[in-house]
Amino acid sequence: MTLNTVTLMKTSGERFVFIFDEASHATALETFDRFAADESLDFNEIDATAMRALLEQFENGNAGAEPESQPVNRLYKYHP
């Protein structure tokens, strides 16, 4: 199983790290939206949009690139 990681590091010092496998892609998208709606977090709709774009890059750039038997870790960073 391949685990994927996307990280958001805010200028406030707050960090958001999302770790998911390919079967949890939809859950990751829902989490971005839920975090954007939570006013207690320093995570807004712009951040959610950026995280969605990173997932899209992952899907488009890596679809079928590695054999299933080879574990690969990916790290994408977004700095607002």
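Every position in the sequence shown, counted from 1, becomes a number in the numbering used here once 6 is added.
Think of the CB as a built atom: it goes at the ideal place given N, C-alpha and C, for glycine as much as any other residue.
- Under DSSP, Asp27 takes part in a beta bridge, and its partners are Leu9.
- Here DSSP, grouped into helix, strand and coil, assigns Leu47 to coil.
- A distance of 9 Å or more separates the beta carbons of Thr37 and Val23.
- Asp53 counts as buried, since at least 16 other C-beta atoms from the protein chains shown sit within 10 angstroms of its C-beta.
- The alpha-carbon separation between Leu9 and Ser46 amounts to approximately 28 Å.
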